[in-house]
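Visitor:
2 protein chains.
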Amino acid sequence: MKYEDFEGCGLKKALDMISGKWTPPILYFLFNNQDIRFNDLWREIPRISKKVLAERLKHLENVDLISKRKVDSFPVEVYYSLSEKGKSLGDILSVLDKFGSK
Amino acid sequence: MKYEDFEGCGLKKALDMISGKWTPPILYFLFNNQDIRFNDLWREIPRISKKVLAERLKHLENVDLISKRKVDSFPVEVYYSLSEKGKSLGDILSVLDKFGSK
DNA sequence: CGGCATCCGCGAGGATACTG
DNA sequence: CAGTATCCTCGCGGATGCCG
Chain P
1 MKYEDFEGCG
11 LKKALDMISG
21 KWTPPILYFL
31 FNNQDIRFND
41 LWREIPRISK
51 KVLAERLKHL
61 ENVDLISKRK
71 VDSFPVEVYY
81 SLSEKGKSLG
91 DILSVLDKFG
101 SK
Chain A
1 MKYEDFEGCG
11 LKKALDMISG
21 KWTPPILYFL
31 FNNQDIRFND
41 LWREIPRISK
51 KVLAERLKHL
61 ENVDLISKRK
71 VDSFPVEVYY
81 SLSEKGKSLG
91 DILSVLDKFG
101 SK
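Sequence lines, in order, name chains P and A. For the record, in the first sequence the residue sitting at position 59 is 59 according to UniProt numbering, with numbers rising by one throughout. For the record, in the second sequence the residue sitting at position 91 is 91 according to UniProt numbering, with numbers rising by one throughout.
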């Protein structure tokens, strides 16, 4: 077995999906609170900046872990939820959660 | 559910264990190659510096994911392996690996 | 309200040399 | 051989302000 296998392996891809200081907290929160608005999410997660929150949400959307729902009122309303893929990742993370709590 | 739950939850602890640019590669490698010497490990993982390798190995030893075996010859020989805890984490990571490869 | 655009600080990680 | 000791780089994330 060679090291190069790690590059491009599924584990690396999965870790890239959840990488970033705030990405796991965001996923963790969405796992327990579906369909939440941007500013509510921003208030619920203390000390994160809007910039970083927007960045990470875009990233999570790109890798298809969350989905975005937009209501064209004024002001606009944007809701975020875990996708099906995101939920199945959440199940794996909850196994990790159990592992870490002992 | 409140955000503060994330701080101190098992998931955060588990992610801290595997945090760091090189920690997952090291675990991944040890998962497939038991009982390997420091310099061999260093050669097998391209471009990592000895400093960082030593740092991460110490960290992994502190959180009890790997174990160290030292032979007092000259020059000294040091072998690293996954601990039992490390192997069970490895099993979880292989689930993540499957997740990431689709 | 839900973001971008800028600027900036800090600390993980890299390069290199040295040691028991 | 198996690490330390120093110094340095670079990019993630923080702070603030603006816009449709």
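We treat Cβ as the ideally placed atom computed from N, Cα and C, and that holds for glycine.
(1) So Glu84(P) is in the alpha helix (DSSP H); what residue range does that whole segment cover?
(2) At a Cβ threshold of 9 Å, is Tyr80(A) touching chain P?
(3) Does the CB of residue 109(A) have a neighbour CB from chain P at under 9 Å?
(4) Quick one: residues in its chain with C-beta nearer than 7 Å to the C-beta of Tyr79(A), no 5 flanking neighbours on either side, listed in chain order?
(5) Since I believe Gly100(A) is in contact with Phe31(A) (beta carbons under 8 Å), could you give me their beta-carbon distance rounded to a whole number of angstroms?
(6) Please look up how many angstroms separate the CB atoms of Leu93(P) and Leu27(P), rounded, as I've assumed it's under 8 Å.
(7) For chain P, is any of its Cβ atoms less than 9 Å away from the one on Leu15(A)?
(8) Could you check how far apart the C-beta atoms of Tyr3(P) and Ile18(A) are, in whole angstroms? I think they sit under 8 Å.
(9) Residues of chain A with a CB under 9 Å from the CB of Asp97(P): which are they?
(10) Just the C-alpha distance for Lys102(A) and Leu11(P), rounded to the nearest angstrom, thanks.
(11) Of all Cβ atoms in chain A, is any one closer than 9 Å to the Cβ of Gly100(P)?
(12) In the DSSP output, which residue or residues are listed as bridge partners for Arg47(P)?
(13) Taking 9 Å as the CB-CB cut-off, is Asp5(P) touching chain A?
(14) Candidates Lys87(A), Cys9(A) and Pro25(A): which alpha carbon is nearest Asp64(A)'s?
(15) Cβ atoms of Leu53(P) and Trp42(P): under 9 Å apart, would you say?
(16) Would Pro24(A) pass as a contact of Leu15(P) if the rule is Cβ separation under 9 Å?
Guide: With the structure as the only source:
(1) Glu84 to Gly100
(2) no
(3) For chain A, the structure presents residues 1 to 102; residue 109(A) sits outside this window and is missing.
(4) Asp35, Ile36, Arg37 and Arg69
(5) Not confirmed; about 15 Å, so no contact.
(6) Confirmed, about 7 Å.
(7) yes
(8) So it is not a contact: roughly 17 Å between Cβ atoms.
(9) Cys9, Gly10, Leu11, Lys12, Lys13 and Ala14
(10) 11 Å
(11) At least one C-beta of chain A is nearer than 9 Å to the C-beta of Gly100(P).
(12) For Arg47(P), which the question treats as bridged, DSSP gives no partner whatsoever.
(13) So, interface residue.
(14) Lys87(A)
(15) yes
(16) yes
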